[in-house]
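Heads up, the thing below is written out as structure tokens.
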Amino acid sequence: MRTAGSIIALLLATAVLPAHAQNAADSYYDPAEMAAARKALHEGMGGQTLYLIEGDRLEYRTNEGNPAMLWDAQGWVGDDMNKAWFKTEGEYLFDDHSFEEAEVQALYGRTISTYFDLQAGIRHDFRPDPSRTFGVIGVQGLAPYWFELDAAAFVSEDGDVSARIEAEYELPITQRLILQPRTELNLAVQDVPELGIGSGLSTVDLGLRLRYEIVREFAPYVGVSWNRAVGETADFARQDGEDVSSVSFVAGVRFWY
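Heads up: the sequence shown begins at 2 in our numbering, then just goes up one per residue.
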């Protein structure tokens, strides 16, 4: 009760007293009680340090006869306004015993609205070869109508400019059964022939996943994913004798804590 009284006194002092008298409550309450009151007030106003780790996609993909394991995870630590983010995604091909893609990002995030963070930092691609490092700037959050949006622009160490836009939407069927459409668009400003990337819209990925939340933090899912290279990127793929589109049936888990 005394701590609660200290908090009330601290709020009143802050609200009604001039700047030189805003710590007047210190004259009436024990220093330990005032320290506890300030800590409780700070945490109650969103000043505590929080964290989140989320595996959005950890899945097996049929990949039209060349099975693969895909991962897509992210996390952050910080408070309501400032966060340190990490993101990683990639794909491992079982038959080739190799990573087709592997990247990691380290970002600083700053809240710019109720639903969006502005993010900036670095990204490093370990695969495909040659490995590359990028500067990153983007936004992440909830768009109108509750679309989850993650959009970022990248500038490589060689000056190549590209962008990625990811959007997801959740359609609850029951309290635990949820259908999730997903789309990802990749774009490039310049051709990057050594990586088979052409300028303009380069790849489109559309997916549909149905998950069952055993608990909110853990949900297995099944679904289908369609990927297609377009424009000059498709031309590079044809020159290398590769398919420009593929369909995969997927099965995996989604988790967070």
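Every residue, glycine too, gets a C-beta built ideally from N, C-alpha and C.
Asked	Found
Terminal residues of the alpha helix (DSSP H) in which Phe237 lies	232 to 240
Status (buried if at least 16 other CB within 10 Å, exposed otherwise) for Met35	buried
Helix, strand or coil at Tyr1 according to DSSP, with G and I counted as helix	Absent from the model: residue 1. The displayed extent of the chain is 2 to 258, so no value can be given.
Delimiting residues of the beta strand (DSSP E) encompassing Ser132	Element bounds for Ser132: n/a, residue is neither H nor E.
C-beta atoms of Arg212 and Tyr222 nearer than 8 Å	yes
Beta-carbon contacts of Pro173 that lie in its chain and below 7 Å, excluding the five residues immediately before and after	Ile179
Residue from Thr115, Asn187, Val248 whose Cα sits closest to the Cα of Glu233	Asn187
Span of the beta strand (DSSP E) around Leu196	First-last for Leu196: undefined, no H or E at that position.
CA-to-CA distance, Thr89 to Gly136, given in whole angstroms	15 Å
Whole-angstrom C-beta distance between Ala103 and Arg128, which should lie under 8 Å	4 Å
Closest by C-alpha distance to Gln75, when choosing among Glu92, Ile123, Tyr93, Ala107	Ala107
Selection from Phe87, Ser200, Leu209, Gly160 that minimises the alpha carbon distance to Val78	Phe87
Delimiting residues of the beta strand (DSSP E) encompassing Tyr62	Here the sequence assigns Arg to residue 62, which means Tyr is not the residue at that position. From DSSP, the beta strand (DSSP E) with Arg62 extends over 51 to 62.
Option nearest Ala121 by Cα separation, candidates Gln176, Asp97, Ala154	Ala154
CB of Arg133 within 8 Å of CB of Glu158, strictly	yes
Secondary structure of Tyr170, DSSP reduced to three states	coil
Distance between Asp57 and Val245 (C-alpha atoms, nearest Å)	26 Å
Those residues which DSSP pairs with Ala74 across a bridge	Gly56, Thr89
Rounded separation between Glu101 and Gly142 - CA only	28 Å
Rounded separation between Gln176 and Lys84 - CA only	31 Å
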